[in-house]
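Structure record follows, encoded as structure tokens.
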Amino acid sequence: MVAVSLRESPDVVREYAKDFGFRFRVWIDPDGAAAAALGVRGHPTTILIDRAGRIVATVIGERDWSSPEARRLVEWLLEEATPR
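Following our numbering, the residues of the sequence shown are numbered contiguously, the last one being 90.
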């Protein structure tokens, strides 16, 4: 999992990640180029990418990614992407 912050200073992002206990990397997209390339139109946007690097889902808006439903979705995506 990687979070991408748009147009925020590294200090602000670092403090936010610390305050919320992020245990994953946070990248900074200072000019919005990555967001534009991925077609991000709203914030927050979650893009789920499988192991082959394919975008398999785009979710705009807040979601409870700690819910059982979200966990099942991620597990399913990982299972589908596992080479057989």
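Even glycine gets a Cβ: it sits at the ideal position worked out from N, Cα and C.
Item, Value
"Through-space distance from Val80 to Pro74, alpha-carbon basis", "10 Å"
"Any 3 or more C-beta pairs closer than 8 Å across the segment 56-73 and the segment 25-42", "no"
"Complete alpha helix (DSSP H) runs within the segment 34-86 (minimum length 4 residues, chain order)", "39-43"
"Reference Val46; option with closest CA among Arg31, Gly67, Pro16, Glu86", "Gly67"
"Inter-residue Cα distance where the pair is Arg90 and Val18", "Interpretation of Arg90 is limited by its pLDDT of 49, a score under 50 that renders its predicted location unreliable; the figure taken from the coordinates is listed afterwards. Looking at the two C-alpha atoms, the distance is approximately 43 Å."
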